[in-house]
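To convert, note that position 154 of the first sequence is 150 in the working numbering; the numbers rise steadily by one, no gaps. A short write-up of the structure that comes next.
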Amino acid sequence: MFALIDCNSFYCSCERVFRPDLESRPVVVLSNNDGCCIALSPEAKALGLKMGTPYFQARELINRHKVAVFSSNYELYGDLSRRVMTVLGRFSPRQEIYSIDECFLDFSGFHDPEARAREIKRTVERWTGIPVSIGVGATKTLAKAANRFAKNDPQSGGVKVLPPDVDPGDTLARLPVREVWGVGHRWARRLGDYRIDTAEALRRADPAWIASVFNATLARTVRELQGHTCIPLELQPPPKQQIVVSRSFGRPVTAFEDLREAVFTHVTRAAEKLRGDGLAAQVVHVFAHTNAFQPEAPQYHGTATLALPRPTQDTRRLASQAEAGLRRLYRNGFCYKKAGVMLLELGSPNVLQNELFATPETDGETFRTRRLMEVLDNINRRLGRGTMFLAGQGGHQSPRPWRLRREMRSPRYTTAWKELRQVN
DNA sequence: TCTGGGGTCCTAGGACCC
DNA sequence: TCTGGGGTCCTAGGACCC
-3 MFALIDCNSF
7 YCSCERVFRP
17 DLESRPVVVL
27 SNNDGCCIAL
37 SPEAKALGLK
47 MGTPYFQARE
57 LINRHKVAVF
67 SSNYELYGDL
77 SRRVMTVLGR
87 FSPRQEIYSI
97 DECFLDFSGF
107 HDPEARAREI
117 KRTVERWTGI
127 PVSIGVGATK
137 TLAKAANRFA
147 KNDPQSGGVK
157 VLPPDVDPGD
167 TLARLPVREV
177 WGVGHRWARR
187 LGDYRIDTAE
197 ALRRADPAWI
207 ASVFNATLAR
217 TVRELQGHTC
227 IPLELQPPPK
237 QQIVVSRSFG
247 RPVTAFEDLR
257 EAVFTHVTRA
267 AEKLRGDGLA
277 AQVVHVFAHT
287 NAFQPEAPQY
297 HGTATLALPR
307 PTQDTRRLAS
317 QAEAGLRRLY
327 RNGFCYKKAG
337 VMLLELGSPN
347 VLQNELFATP
357 ETDGETFRTR
367 RLMEVLDNIN
377 RRLGRGTMFL
387 AGQGGHQSPR
397 PWRLRREMRS
407 PRYTTAWKEL
417 RQVN
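Now the structure itself:
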């Protein structure tokens, strides 16, 4: 059993913690540059405001109903999030912090999950001032589904349990398929072509058929709806694969200098994140593009990807590489609307350094091949899908071992590598 | 005039190899 | 001259999540 605890209108609730006068008044929180509405209190939703609506389109409605409007304050939200998560962590040793406002708890073995959930809800609200909704189910997907009812059904009192021994068909039949975790608007539309309009209809679908017509991810969702755990609890966040920092400009930008300044700011911030996670990067990717909302204007998506001479977390090195990338992608005569930096091929600095010496020189050598292949087979089996490193005789002869390096970061790799060296 | 930011996973298809 | 089957690697793009 899993519980999903979700903070109600999290950013709005955070603002309300310090502004009790806003209780029961509609509240909206805006994105960067006050571009669009990214959080709405229930009262704001009732006015017909929608998540993601551009502020300039909503402004008239907002003014007319005296909606309280805030620019986003991520430090505040991060701080309150940590407090909420700490409180939640007291109720189960197995906790997955899924996002800034959601977490899963392992509810296995609780004899009265509903009472437990209500206790959690009361405690969080009393200790942090943030209201939450709780859904409980046999899988994470079912817990998510239950959460929708906890949130939207006033009868529920903010808690909904789907017991594993009761067929959830009646409940799931009331959940539009679009609201299932893992089903976005595109798949919802395509599923509709097959008359799969509700969570229940999706649960009744054949996973193999779904896998062939859609993909493996959606098939997994079907299995989860059927009560089979396919998405385990992740107690530790997996290591980051990329770090992105990007912003829209308040005004269109044309000059290289302005672009350079923005990219410098972004790469500095990205380097801070990198060091904060104890990682180093091997690749810098830079991008800048024009405003897609003005299709009549000339459009340009500039990107540049550069490998670093050696793994680094040093701001200056990253910045010089980012600037080189920017020079490469910059085209005169465009109005740039957004720019950003991505750091890729991340890993622990030491491991990455060692990898520079770890490129195995086994290509083209036929002696000991048989034994080598046996070992590789074993290793690959253990490492699982997508990691058939070194196994083929074909493949690129040129050394671009990015893929290799990614696998090498896993702790399992270390053992694998030792074995390989023994054979060699 | 004004339309967010930060992530992950999967798949199709081309280049390349034997 | 015929033009296969099996495989890897990479990229782009599509889908999803918050």
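Every residue gets a Cβ at the ideal spot worked out from N, C-alpha and C, and that includes glycine.
- The continuous alpha helix (DSSP H) containing Pro38 extends over residues Pro38 to Ala42.
- The Cβ neighbour count for Lys236, taken over all protein chains shown within 10 Å, is under 16; the residue is labelled exposed.
- Non-local C-beta neighbours of Trp123 in its own chain, meaning closer than 7 Å and more than five positions away in sequence, comprise Val83, ordered along the chain.
- Leaving aside the five residues that flank Thr311 on each side, the residues in its chain whose CB is nearer than 6 Å to its CB run, in chain order, Thr264 and Ala267.
- With a threshold of 16 other beta carbon atoms within 10 Å, Thr286 meets it and is buried.
- Three or more beta-carbon pairs separated by less than 8 Å link the stretch 193 to 201 to the stretch 213 to 230, which places the two stretches in contact.
- Per the DSSP secondary-structure output, His107 pairs with nothing in a beta bridge.
- Spanning the alpha carbons of Gly154 and Cys99 requires a straight line of approximately 15 Å.
- Here the C-alpha atom of Ser242 lies approximately 30 Å from the C-alpha atom of Gln91.
- The three-state secondary structure of Phe289, taken from DSSP, is coil.
- Secondary structure note for Ser316: its alpha helix (DSSP H) is the uninterrupted segment Thr311 to Leu325.
- Of all alpha-carbon atoms in Thr308, Met(-3) and Ile34, the one lying nearest the alpha-carbon of Gly343 is that of Thr308.
- With a cutoff of 9 Å on beta-carbon distance, Arg313 and Leu322 are scored as not near each other.
- At a Cβ-Cβ threshold of 9 Å, Val279 and Glu319 do not count as neighbours.
- Three or more beta-carbon pairs separated by less than 8 Å link the stretch 9 to 22 to the stretch 63 to 73, which places the two stretches in contact.
- Remark: C-beta atoms of Ile93 and Pro233 approach each other more closely than 9 Å.
- Contact check for Leu325 against Phe289 fails: the beta carbons are separated by 9 Å or more.
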